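When you read off a place in the sequence shown, starting at 1, and then add 28, the result is the number in our numbering.
We put the CB at the ideal spot given by N, CA and C, even for glycine.
Fair warning: this is a prediction, and the values are worked out from it, not measured in the lab.
Down below is the structure, laid out as structure tokens.
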Amino acid sequence: MPKRIQNPISFASLLLAGIIIFYSVLNISNWRKLGLIDQDLVNYYEYLPAAFIYKDLTFKFADHLPPHSNAKIWYLTAPNGGRVDKMSMGQAMMYAPFFGIAHLIARIEDYDADGFSRPYRMMICISGVFYGFIGLFFMRKILLRYFEDKITAMTLLLLTLGTNLFYYSTTESFYPHVHSFALFAIFLWSTIKWHERPNLKYSLLIGFIIGLISLIRPSNAILFIVFILYGVISFNSFFLRVKYLLSKWKWMTLMSICAIFVWVPQLIYWKINTGDWLYYSYQNESFFFTHPHLLDGLFGFRKGWFLYTPMAFLGIV
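In structure tokens:
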């Protein structure tokens with residue numbers, strides 16, 4: 029007899045969410061737009077065609093692209109004259125498996141194998157569907173540890189359809205938001221498992237994810253605070269947690285080494301193109317901590333979190 033599916037209602041909810049996202053992406057068909065790989069997306073993506081098609085991460089090939097090419101290569105000029113991508117390469121790593129599939133399709137189906145034709149655009153969009161589903165898959169595993177099947181099922185659907193996760197899984201499935209959501213969910217699951225029983229598997233996984241998520245956006249490194257403060261409910265439990273983590277210094281060291289290892293290609297890239305191991309590619313852009321826009325960020329009509337995702341307010345409550 030076939031094995032019975034545990035928690036079938038939330039499993040059905042997970043599948044339904046995945047089908048809705050996939051169907052929506054197919055109908056939106058963003059990959060039909062010639063200008064899809066443009067603006068910030070170029071900076072996230074261009075590492076892949078530069079490395080695997082044009083064999084030139086210095087971006088000098090951009091001066092010799094054929095007139096009919098759809099390729100767009102954007103770069104900044106470092107003080108030493110080198111050309112450098114504004115974004116770090118973490119998001120390109122997330123795209124990489126789908127880029128490989130797209131390149132194979134382009135060569136078989138006689139599309140331009142330039143990194144920017146329809147198969148590449150399509151697979152970038154599909155990558156968002158994949159990572160969105162992976163994120164929901166691990167969210168289900170986390171929720172089932174604390175809630176019954178029906179509550180988990182309802183939460184998954186509300187998370188999919190009642191927050192901006194749906195938008196970033198469909199309309200802008202090619203941007204880093206949904207990819208990061210998947211990594212966050214895997215990180216939370218790994219954090220729970222590690223604190224139950226530290227071991228090699230989850231130490232490596234947590235280190236890898238911290239490295240990758242910070243390589244997508246360096247500010248994401250703040251996520252590691254969740255690992256440190258997991259289960260902390262008072263000052264006393266905080267000091268006990270610090271003492272516990274220090275006692276597990278071997279696993280913590282392994283995490284750190286793994287995270288740094290993920291950054292090695294980026295550090296080498298900066299060294300070759302700028303002359304420095306670390307390079308601040310955002311130039312004059314920075315945070316304005318003395319002029320916060322908290323009310324605009326929460327209630328503003330431009331990007332108000334509570335205004336456009338009112339469900340998020342329940343989490344604050």
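C-alpha distance - Arg149 paired with Ser231, whole-angstrom precision: Each residue's Cα considered, the two are about 35 Å apart.
Residue burial classification, Trp59 (beta-carbon count within 10 angstroms, cutoff 16): buried
Alpha-carbon to alpha-carbon, Ile152 and Ile56: 14 Å
Local Cβ density within 10 Å of Ser262, reported as buried at 16 or more and exposed below that: exposed
Residues near Met167 by beta carbon distance below 6 Å, same chain, minus five either side: Ala213
Strand pairing of Thr105, partner residues [DSSP]: Partner(s): Arg111.
Test item: CB-CB of Leu251 and Ile241 under 8 Å: yes
Through-space distance from Ser197 to Pro246, alpha-carbon basis: Distance between the alpha carbons of Pro246 and Ser197 is about 22 Å.
C-alpha distance - Ile104 paired with Ser97, whole-angstrom precision: The question names Ile, but residue 104 is Leu in the sequence shown. Near 21 Å, if we compare the C-alpha coordinates of Ser97 and Leu104.
Neighbour flag for Phe39 against chain D, beta carbons, 8 Å: Here there is only one protein chain, and chain D is not present.
Bounding residues of the alpha helix (DSSP H) (the contiguous stretch that carries Ile288): From DSSP, the alpha helix (DSSP H) with Ile288 extends over Trp277 to Thr302.
Three CB pairs or more closer than 8 Å across the region 66-78 and the region 202-217: yes
Val157 beta carbon less than 8 Å from that of Ile234: With respect to the 8 Å criterion, Ile234 and Val157 are not classified as neighbours on the basis of their beta carbons.
Extent of the continuous alpha helix (DSSP H) run through Asn312: Careful: Asn312 lies outside any alpha helix (DSSP H) and carries neither H nor E.
Local conformation of Pro338 per DSSP, three classes: Three-state DSSP puts Pro338 in coil, outside helix and strand.
Rounded C-alpha distance that separates Ser314 from Asp138: 44 Å
Cβ pair count under 8 Å reaching 3, the region 119-133 against the region 168-182: no
Beta-carbon proximity list for Asp84, same chain, < 7 Å, skipping 5 on both sides: Taken in chain order, the residues that qualify are Ala78.
CB of Ala99 within 8 Å of CB of Thr302, strictly: no
Minimum C-alpha distance to Lys61 - residue among Phe215, Phe317 and Pro147: Pro147
Residues near Trp164 in its chain [Cβ-Cβ closer than 8 Å; skip 5 each side]: Looking at the sequence shown, residue 164 is not Trp but Leu. So the list reads Leu42, Ala45, Gly46, Leu184, Leu187, Thr188 and Ala213, once near-sequence residues are dropped.
Assigned secondary structure, Ala99 (DSSP; H/G/I helix, E/B strand, else coil): coil
Residue nearest to Gly118 in terms of C-alpha spacing, selected from Trp298, Tyr308 and Trp291: Trp291
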